[in-house]
Structure formats: C-alpha cells, structure tokens
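Novice:
Number of protein chains: 2
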Amino acid sequence: MPTHAAQRPRLTQASAPLTRAIEVRDEFGAARSITIPAERPLTIFVDKRELVTLMTLGAAPELLALGYLRNQRLVDSIDDIESITVDWDVQAAAVKTRRGIADFEARTAKRVVTTGCGQGTVFGNLMSEIDASALPAATDPGARLSQSALYGLLAAMRQQESTYKSAGSVHGCALFRQAGMLTFVEDVGRHNAIDTIAGWMWLHGVEGGDKAFYTTGRLTSEMVMKSAQMGVPIIVSRSGVTQMGYETAKRLGMLLFGRATNRHFICYCGFDRFDAEPEPPRNPV
Amino acid sequence: MPTHAAQRPRLTQASAPLTRAIEVRDEFGAARSITIPAERPLTIFVDKRELVTLMTLGAAPELLALGYLRNQRLVDSIDDIESITVDWDVQAAAVKTRRGIADFEARTAKRVVTTGCGQGTVFGNLMSEIDASALPAATDPGARLSQSALYGLLAAMRQQESTYKSAGSVHGCALFRQAGMLTFVEDVGRHNAIDTIAGWMWLHGVEGGDKAFYTTGRLTSEMVMKSAQMGVPIIVSRSGVTQMGYETAKRLGMLLFGRATNRHFICYCGFDRFDAEPEPPRNPV
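Printed below as a string of structure tokens:
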C-alpha cells in the first residue's frame, strides 16, 4: 500500500444532487410530491479521447470512471493513472494517464460483448481472461462465510441509509469482509455500482480474496464475472440468478447466495465455502 | 402492410430451453431443486460482419436481432433485410441485407452512448434524433388511456403465463392497444425485451401511435427514448422512474405510469393523455 500511496491518482470530488422531487398523481386522483433518483450522462475521456458515456446516479463519478477502466481491462495498473477530473457542467470525466494506453484502439475495437442488463459493454475478451482469475481455496477461512456472518451482512444492509429507501429505482452494491461493511454505493445501473466498488478497491489497494459482494441486482453472467475479476469469491444478492451467472460461479468455485433477506436465502453453489448453521424447521414434528 | 408482406424478411424460428433446474440449499440446510432462467450469448453478424454480442434468454432471437438493428438505427427499413438466420449451435444470428448497410463503419463508430442499466449500448446520436419522433396529439383517442383501461392492462399482465413466474430473474415487456395485449416477451435484460417488441412491430408493420408499453423494469432514459423512437406515447411500469426517464417523457409529452400493480399506480407525467377515474378515498370522512 505505501507504493500505491505514492502513485495514487488525483481525483476530484465532484458532487451533484442524487434525487429530485416531482409532482405526480396517484390512483385517487390526488396530486402529491415524490422523490426520484437522478440519472445523468457521464462521458469518460482518456487522454482526451472519448471512450464511453455512462448513465449514472452521480454519487461517485471518479470511482466509477476508475472502476470502469479497471473492469474493462483498459488500464493494467492504477499506477498508470495520473488524475481523474469530473466536471458536471460538461458531464465529463477526464482521465489522464501517466504514459498513455498502449493499443488503445485495439483494446476498444471489439465492440460489445455484453451483459445481463443484457446490453452492457465489455471491451475485449473478458470471458477468456476470467478463467485465469485466482480465487483463494475454499479452505481459506477468509474466503468462506458462515450462516451467522451472512445474517450479519444482511442486517448491515437493512440498516444502511440509501437513495433506494428515499427514491427507489437504484441498485445498491456493497463490499464486505465477513459481516463488516467496507463500502457501499448506489447507481441507476448495477454494473455502474459494481464498477464503482472496483474503483474504490483499486484506489485503496484492497484485495478481493477475503471479501464478499452484496448486490440488490440479479446475478447475471457479467456480475459474476466482474466479481471473479476482482478476486471476490462470495456474492450475495437480494435477487435471483440466471443460468450463465450460476454456471460461471459454479465453474469458478464461487459461493453464491440469492433471494437473501432477513434470515432467508438460497445458496446456489459453492457449498464447500459455506458453514451452514441451519435454521430449525418451521413446523417441527 | 401488403407491401411489407412482399418484402418481409425470412426468419428462422430457433428455439432453446428457457429455463433449467438446479440443485440448491436453503436456510434450513435442505437441498431442493429450483428453476432458473437461461442466459446465452447471441452474436449478431450483419452481412458477415460481427456487430454485437447480446446476452439473452433466447425466447425470440430473430425478433431481438431485428429490433436491435431497428432501435440502434443501423437499418432504416425492414425492406432492407433479406433474412435472419439464428443457429444456437454457434450462438449466432446472421443478418443478410438486400443491399448492404451504407456507412456501416460510421454508424457503429461512436461507441457507446448508454442507458439505465446503466451500460447498454446505443450507437450513434440517438438522443438528438428523439426530438424528431412524432407522437400523436394528446387529443387523439388512441393515444390516451383511461384509468379503467389501465386496470385492464394490469389485469392482463397478471394473468400472463411467464418464465418470471416459474424462474424469476427476467424482465417482461408487452405491447397493448388500450387494455388488449398484442404481444409479450421476456428476456434477461429489459433492453432486449423492448428491442424484441420493436422487431415484432417492424415485422408485422404495426405502428406505435395508438399503443402502450408495459414493462416490469424501471423507466430509465433509454427505455423512454426507445418507446418514443417506436412512436409509442404511453408507458406503464411495475417499477419506478429515474430523473432522465421522467424528464425525457415529460418533454416529449408522453404518459408515464410507475409502481403499477392491481389498482395502484403513480402517474408521473402526461396528465393530459390520462382519463382519471379516481378511486374513492380509502378512509372517507
């Protein structure tokens, strides 16, 4: 981490309102005011070349840009990034690298391999690189989760203040070490949320091997792949799983939970990383 | 429509299983079998050039490819398409045009303006074209909705058999004329679902001016823009709205409902297209 600190990129801390109030009508014909989440375009420029425009809530645009570059494998090391300057007046994130990006055109040429939304973007051959991801062994205590730690994680999520609670229509994503929350982010898209966490991890030199992701979104192939890419072996979702999300996680030996709220959950795969402490049956005979 | 029939593209009808059963464990430590939705890559080739890979449920791949080309404005008229051949063995949709696509490289060059997932893809300058979309006047009876027609629409959705009911984790989208359902589709991504309906409308020469969209997904900017692009002035969502979805719809004079289930809803904007028949107050004084 000391070496990271020396090379850490300079980031602005651009802020913008996350919600706005609008006047609506309901089924009773009554006019009332509700709060909805912001959604704004953020165009990422890398060394003055336009890369992509993301629609975002705008809570952490610098970390989003950073994590996007990381998860798209456009930048190999955070040390390569000198600064990220976000200016909402022009809806842009200007990324300055220290030495330029080698093969920039080639890396962004293969246009769109995609996602569970299902039209996200992943440049390059992400899938083929995933198998190279090294996740810790299932015997590694940090890369396991007990049922009580899972409940602790879910309790922390319940207590978390959020734009979702006030305005709905956003996805939340959090990074945990066992039941302890390290960071939490929301965005209009679950891909943006996980990318922002990837940016946070990179910035702070945080490794994924003893961490767990929580997401409100579905566990589609891309969510699972991004988690694997960050080296995080455990994912917990409030929603469900798709076939490719399931198969990818199973193949990589990840621990995957869905439909997780309160003391309910489904464990899809990775049983060998899970220390079950089964609830007593609801109707004991 | 006769002219459409003459030029209608030839489509395969490739099918693939939409769900699979997997073995999971729950909070009681019990092993049980559940059903999850399929998710598979579909790479679209246009005249043998690779365009994009979408992750899809696979329910209607030919219509998805067709609607994708339409909504990305890569093809101007359905008459330009000779055939779409989907082969799941190679996970590909081969689109053959009659005369090639002019400026193919230029049209796909501007890489990714995006979406509410929030990383969908829209080639080109979609936003700037949206204002040119002509929606019927609010006085046009077909482009209005009454509260009872809205309830009828929601009742039709409740009765619809679906992969969602059996497996969860997919988004549904339907096209209505007043309370009458014309077509319904599900996909792992809500963008794919609406694109598939766009393909269906194109194939059958169906105009949007007297139609309404229903979607289970959130009303983000891109969902609203795609609807406007198809000329559909009314959107109903089970979920909520984001700021850009709201502002886009309001600017275009669209009628937008969210949180719509049973006899509950919020009307966000387009009040002048809505014939309210207010429910009696819950607690009359």
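Taken in sequence, the protein lines are chains U and Y.
No gaps in the numbering here: position 45 of the first sequence is 25 in my numbering, and each next residue is one more.
No gaps in the numbering here: position 259 of the second sequence is 239 in my numbering, and each next residue is one more.
In this text, a Cβ means the ideal position worked out from N, Cα and C, and glycines have one as well.
Remember, it's a predicted structure, so these values are computed and weren't measured experimentally.
1. Would the beta-carbon of TYR248(U) fall within 8 Å of that of TYR226(U)?
2. Taking only beta-carbon positions, decide if SER128(Y) is within less than 8 Å of chain U.
3. Tell me whether ARG50(U) sits in a helix, a strand or coil according to DSSP, three-state version.
4. Listed from N- to C-terminal order along the chain, which residues in the region 151 to 165 of chain Y have their beta-carbon within a distance smaller than 8 Å of any beta-carbon of chain U?
5. Along chain Y, in chain order, which residues have C-beta atoms closer than 7 Å to that of GLN223(U)?
6. For GLY96(Y), is the classification buried or exposed, using 16 other Cβ atoms within 10 angstroms of its Cβ as the cut-off for buried?
7. Expressed to the nearest angstrom, what Euclidean distance is found between the alpha-carbon atoms of HIS171(U) and PRO260(Y)?
8. If the criterion is Cβ atoms closer than 8 Å, does the pair ARG50(Y) and PHE84(Y) meet it?
9. Give me the residue from VAL66(Y), VAL75(Y) and PRO213(Y) with the minimum Cα distance to ASP59(Y).
10. Cα-Cα, which of ASP56(U), GLN223(U), GLN209(U) and ALA72(U) is closest to ASP82(U)?
11. Going by CA-CA distance only, name the one from LEU22(Y), ALA18(Y) and ALA1(Y) that's closest to ARG12(Y).
12. I'd like the ranges of any beta strand (DSSP E) spanning at least 3 consecutive residues and lying wholly in the region 153 to 177 of chain U.
13. So which residues of chain U does TYR226(Y) contact, with C-beta pairs closer than 8 Å?
14. So, at 6 Å on beta carbons, what are the nonlocal neighbours of ILE24(Y) in its own chain, with the 5 sequence-adjacent residues on each side left out?
15. Starting from the C-beta of GLY233(U), find all residues in its chain whose C-beta is less than 7 Å away, skip the five residues before and the five after it, and write them out in chain order.
16. Can you round the beta-carbon distance between THR(-1)(Y) and ALA147(Y) to whole angstroms, since I take them to be within the 8 Å contact cut?
17. Is VAL92(U) helix, strand or coil when you go by DSSP?
18. Within 8 Å of any Cβ in chain U, is that where the Cβ of THR95(Y) sits?
19. In chain U, which residues lie with their C-beta within 7 Å of the C-beta of SER149(Y)?
20. Closest by CA to SER126(U), which one among LEU162(U), GLN223(U), ALA192(U) and ALA10(U)?
21. Can the beta-carbon of GLY47(Y) be found closer than 8 Å to that of GLY179(Y)?
22. Can you tell me which of LEU130(U), SER201(U), GLU166(U) and GLN158(U) puts its alpha carbon nearest to the alpha carbon of HIS244(U)?
23. Just verifying my parser: in three-state terms, what is the DSSP assignment at THR119(U)?
24. Please tell me whether GLN99(U) has its Cβ less than 8 Å away from any Cβ of chain Y.
25. Using only the alpha-carbon positions, how far apart do THR228(Y) and TYR144(U) sit?
26. For chain Y, is any of its Cβ atoms less than 8 Å away from the one on PRO41(U)?
27. If I'm right that ALA(-6)(U) touches LEU134(U) with Cβ under 8 Å, what's the distance once you round it to whole angstroms?
28. How about ARG29(Y): is its C-beta nearer than 8 Å to some C-beta of chain B?
29. Check the Cβ-Cβ distances between PRO213(U) and every residue of chain Y, and say whether any is below 8 Å.
30. Could you give the DSSP three-state label for THR228(Y): helix, strand or coil?
31. So what's ASP252(Y) in DSSP terms, helix, strand or just coil?
32. Applying the criterion that 16 or more other CB atoms from any shown protein chain within 10 Å of the CB defines a buried residue, is GLN209(Y) buried or exposed?
33. Tell me the DSSP secondary structure of GLU30(Y) in three-state form.
34. Taking the alpha helix (DSSP H) that GLY132(Y) falls in, what are its first and last residues?
35. In this structure, what does DSSP give as the bridge partners for HIS244(Y)?
36. Hey, is TYR248(U)'s beta-carbon within less than 8 Å of any beta-carbon in chain Y?
Specialist: Quick look at the numbers:
1. A contact, by the Cβ cut-off of 8 Å.
2. Not an interface residue.
3. Reduced to three states, the DSSP call for ARG50(U) is helix.
4. Cβ proximity to chain U below 8 Å picks out nothing from the region 151 to 165 of chain Y.
5. Correct list: ARG0, ILE16, PRO17, ALA18 and GLU19.
6. Because GLY96(Y) carries a pLDDT of 34, less than 50, the predicted location of this residue cannot be relied on, and no value is offered for it.
7. HIS171(U) and PRO260(Y): Cα-Cα distance of roughly 42 Å.
8. No, the pair does not count as a contact, with Cβ atoms beyond the cut-off.
9. Ranked by Cα distance from ASP59(Y), the first of VAL66(Y), VAL75(Y) and PRO213(Y) is VAL75(Y).
10. In the sequence on display, residue 82(U) carries Ala and not Asp. Looking at the Cα atoms, ASP56(U) is the closest of the given residues.
11. The alpha carbon of ARG12(Y) has as its nearest neighbour, out of LEU22(Y), ALA18(Y) and ALA1(Y), the alpha carbon of ALA1(Y).
12. Fully enclosed beta strand (DSSP E) runs of 3 or longer: 160 to 167.
13. Within 8 Å Cβ-Cβ: ILE2 and ILE16.
14. For ILE24(Y), where only same-chain residues beyond five positions count, the Cβ hits under 6 Å are LEU31, VAL32, ALA45 and ALA73.
15. Closer than 7 Å at Cβ, skipping near neighbours: LEU115, ALA118 and GLY250.
16. Contact flag correct, Cβ pair sits at about 5 Å.
17. Its pLDDT being 43, under 50, VAL92(U) is placed unreliably in this model, and the value from its coordinates should be taken loosely. Looking at VAL92(U) - three-state DSSP - the assignment turns out to be coil, as it is neither helix nor strand.
18. Residue placement at THR95(Y) is flagged as unreliable, the pLDDT there being 37, under the threshold of 50; a coordinate-derived value is accordingly withheld.
19. In chain order: ARG198, SER219, GLY220, VAL221 and THR222.
20. Closest by alpha carbon: ALA192(U).
21. In this structure, GLY47(Y) sits near GLY179(Y), with a CB-CB distance shorter than 8 Å.
22. For HIS244(U), the nearest C-alpha among the options comes from LEU130(U).
23. Correct three-state label for THR119(U): coil.
24. Legend: pLDDT at GLN99(U) = 43, less than 50; position of this residue unreliable, value from coordinates given subsequently. For GLN99(U), the answer is yes, since a Cβ of chain Y falls inside 8 Å of its Cβ.
25. Approximately 21 Å between the Cα atoms of the pair.
26. Chain Y contact via Cβ: absent.
27. The pair is not a contact, with the Cβ atoms about 32 Å apart (cut-off 8 Å).
28. Given the protein chain composition of this structure (U and Y), no chain B is represented.
29. Taking Cβ atoms only, chain Y never reaches closer than 8 Å to PRO213(U), which makes this a no.
30. DSSP places THR228(Y) in helix when its eight states are reduced to three.
31. Helix, per DSSP.
32. Answer is buried; the Cβ neighbour count reaches 16.
33. GLU30(Y): strand per DSSP, three-state reduction.
34. Judged by DSSP secondary structure, GLY132(Y) falls within the alpha helix (DSSP H) whose first and last residues are 127 to 139.
35. THR241(Y).
36. Using a CB distance cut-off of 8 Å, TYR248(U) counts as an interface residue toward chain Y.
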